[in-house]
Every structure is written in C-alpha cells, then in structure tokens.
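Have a look at the structure below, then the notes.
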Amino acid sequence: SAVISQKPSRDICQRGTSLTIQCQVDSQVTMMFWYRQQPGQSLTLIATANQGSEATYESGFVIDKFPISRPNLTFSTLTVSNLSPEDSSIYLCSVEDPGGNAFFGQGTRLTVV
Amino acid sequence: KNQVEQSPQSLIILEGKNCTLQCNYTVSPFSNLRWYKQDTGRGPVSLTIMTFSENTKSNGRYTATLDADTKQSSLHITASQLSDSASYICVVSANYKLSFGAGTTVTVRA
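Protein sequence lines correspond, in order, to chains R and W.
First residue of the first sequence: 269, per this note's numbering; consecutive thereafter.
First residue of the second sequence: 563, per this note's numbering; consecutive thereafter.
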C-alpha cells in the first residue's frame, strides 16, 4: 500500500487568488492523479501527472486553470488558479499500486468566498 | 449520463443491522470493480477489488458481490457499527481509466 500526505486539508480563499495543493507519497510512483469531488457528486479526474513530462488533462480541464508540477517520483502539486466560487470542492491526489488498487490522499476542502 | 450508478443515494440504519448497497455499471471493457469507503473529510479507502472472474470478496464485515454478466455489484455490510457511517463509492476500471459512482451515504444510528 501507499501512504499519501496531502496538504492543506482545507482552506478558505478569496476569489481571484490561487491555491496550491501538495501531495507527498511514501514510495516512488510513475503516475499521480488529481481528482475533484464536488458536493454530492462522484470523483472527476482532472489530470494525470507524469514525472519528467507535462501533465495529461481530461476534457474540460486546462493547464492555465489547473497547473501541475511533478518534480520527482514522490511529489506533485496542483494549483487551482483565478479562483471563483464554482471552484469550491474537494481536491484529491491518488496513486495506484502495480495491482491496480488506488490510494488517495485525505483530500483538500477548498471554499472560495 | 454516469456510467456507474449507485443506489440508494443514502440510507439510515440502526446499529447492529445489515444493509446492502447496489452498483450498476455500463463501463466496458471491464477490468475490475472496486468499493471504497470515504469518511467525512477523508480520502476514499479501498474495501475490495474484484476482477471479472470473482463473484464475491469479503473484507471483515464487508462483502462485495459481482455479476459481470448483468454488470451489477453489491456491497453488504453485516452487523453495522457506528464507525460504518460514511460514503461508499463504487468504482469501475476500464481501459486504465476509473469511473466513479456518486456514492451511497450510510448513516448508522445507535
């Protein structure tokens, strides 16, 4: 199993500002995944972060809004930029083990005011 | 339309009672199906993962079933405890992508 440390656990931000979320894994992984979970809804994949290359974004998500860094095999950041109230959500990072099981960070609850 | 549908959306049960959650999916080609438990303010934690050939898998008081022909799965919670109060999410893996259900919120009352 993988242990993922994600921070901050929650934040309240002013609209127009940005929030950077950090995710640290206790083992080296090739891919890290960033998800958004809006209230009462299922998780939606934002992007896949690959070490040494640009992140791969899903339909509806763009790099300007959700820039991602992946400086090494154990760490990644997701920035939610130019915040609006619609960005209020839970953001989660995730990794998968060789058996295909997914492990998640504790999540970051973002409230934009 | 979500390719993974869960029911009920929420349920309340008394401590010690059993309950069953349902998951229907249309995702294909199927690779595996997972059930996760998500406590409030926490990330999802894996309960079970089943491949095409597995019909049932248990993890303590949690038992998952899978009917790959009808594309249905269930999660049965036996002798519920207050700590079982959480959201339970059904996740189907296909083509290296995960499709998530919206979850069933279970509230266990003393």
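Glycine included, every Cβ here is placed at the ideal spot set by N, Cα and C.
Using three-state DSSP, classify residue i as helix, strand or coil.
i, result
"W/P591", "coil"
"R/E326", "coil"
"R/D355", "helix"
"W/D631", "coil"
"W/S645", "helix"
"R/N350", "coil"
"W/S608", "strand"
"W/T613", "strand"
"W/R623", "coil"
"W/T666", "strand"
"R/I272", "strand"
"W/T640", "coil"
"W/I574", "strand"
"R/T285", "coil"
Is it true that the CB of residue j sits closer than 8 Å to the CB of residue i?
i, j, result
"R/F372", "R/L360", "yes"
"W/S649", "W/Q584", "no"
"R/T376", "R/R278", "yes"
"R/P335", "R/S357", "no"
"W/T613", "W/N594", "yes"
"W/V668", "W/I575", "yes"
"R/L341", "R/Q374", "no"
"W/T632", "W/A626", "no"
"W/A656", "R/Q309", "no"
"R/T316", "R/F301", "yes"
Determine, for residue i, whether the minimum Cβ-Cβ distance to residues of chain R falls below 8 Å.
i, result
"W/G665", "yes"
"W/R604", "yes"
"W/S635", "no"
"W/I574", "no"
"W/S590", "no"
"W/L660", "yes"
"W/N594", "yes"
"W/S615", "no"
"W/S655", "yes"
How about residue i: is its C-beta nearer than 8 Å to some C-beta of chain W?
i, result
"R/Q306", "no"
"R/L346", "no"
"R/L360", "yes"
"R/Y310", "According to the sequence shown, residue 310 of chain R is Ser rather than Tyr. For R/S310, the answer is yes, since a Cβ of chain W falls inside 8 Å of its Cβ."
"R/F343", "no"
"R/F372", "yes"
"R/G328", "no"
Taking DSSP's pairing of strands, which residues face residue i in a bridge?
i, result
"R/F343", "R/Q292, R/N340"
"R/D264", "Any question about residue 264 of chain R goes unanswered here, given that chain R covers just 269 to 381."
"R/F364", "In the sequence under discussion, the amino acid at residue 364 of chain R is Glu, which differs from the Phe named in the question. R/E364 pairs with R/A370."
"R/F301", "R/T316, R/S362"
"W/Y658", "BP columns for W/Y658 are empty, so no partner."
"W/N586", "W/E567, W/Q634"
"W/K599", "W/V607, W/Y650"
Can you tell me whether residue i is buried or exposed, with buried defined as 16 or more other CB within 10 angstroms of its CB?
i, result
"W/K579", "exposed"
"R/T347", "exposed"
"R/R304", "buried"
"W/S661", "buried"
"R/L313", "buried"
"W/Y658", "exposed"
"W/T666", "buried"
"R/S352", "exposed"
Taking Cβ-Cβ distances shorter than 8 Å, what residues in chain C pair up with residue i?
i, result
"W/S608", "Among the protein chains of the structure shown, namely R and W, there is no chain C."
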